[in-house]
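Enquirer: Residue numbers (the working numbering): -8 to 92.
Think of the CB as a built atom: it goes at the ideal place given N, C-alpha and C, for glycine as much as any other residue.
Bear in mind that the values here come from a model prediction, so they are computed numbers and not experimental data.
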């Protein structure tokens, strides 16, 4: 069954510019593996060599972070949506941010 996968801006060029794609799979891991097989330019950006989520990527099933569900083993259905979001890190700089010594 195809699952809709919403792609962040950084991955869209590898998918021909599409904001979302339909990918087959029964679990999050199967969907992500099929996504990388369908769009090889995403290799190493979504899942690592062991099939785990890349540490700088967050994946949501509908509105739930899959890391707090069953990870890549989380079951998906035809009405579900996966959203891939790059992890955001960094400090606060600018007005109102604490000053560094």
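How far does the beta strand (DSSP E) with residue -4 in it reach, from first residue to last?
Expert: Start at 1 with the first residue of the chain shown, and residue -4 comes out as number 5. Its beta strand (DSSP E) spans residues -7 to -3.
Enquirer: Taking all protein chains shown into account, decide if residue 79 is buried (16 or more other Cβ within 10 angstroms of its Cβ) or exposed.
Expert: Within the chain shown, the letter at position 88 stands for residue 79. It counts as exposed.
Enquirer: Based on the DSSP output, what are the partners of residue 52 in its beta bridges?
Expert: Residue 52 sits at position 61 when you count from the first residue of the chain shown. Residue 52 is bridged to 55 and 73.
Enquirer: Exposed or buried, what is residue 16 when buried is set at 16 or more other beta-carbons lying within 10 Å of its beta-carbon?
Expert: Against the chain shown, residue 16 aligns to sequence position 25. Under this definition residue 16 is a buried residue.
Enquirer: Can you tell me where the beta strand (DSSP E) holding residue 12 begins and where it ends?
Expert: Indexing the chain shown from 1 puts residue 12 at position 21. It spans 11 to 15 - the beta strand (DSSP E) in which residue 12 sits, taken as one unbroken run.
Enquirer: In the structure shown, what three-state DSSP assignment does residue 18 receive?
Expert: Position 27 of the chain shown, counted from the start, is the residue given in the question as residue 18. DSSP places residue 18 in strand when its eight states are reduced to three.
Enquirer: State the CB to CB distance for the pair residue -4 and residue 12, rounded to an integer number of angstroms; the pair is presumed to be in contact (CB under 8 Å).
Expert: The residue given as residue -4 occupies position 5 in the chain shown. The residue given as residue 12 occupies position 21 in the chain shown. Confirmed, about 5 Å.
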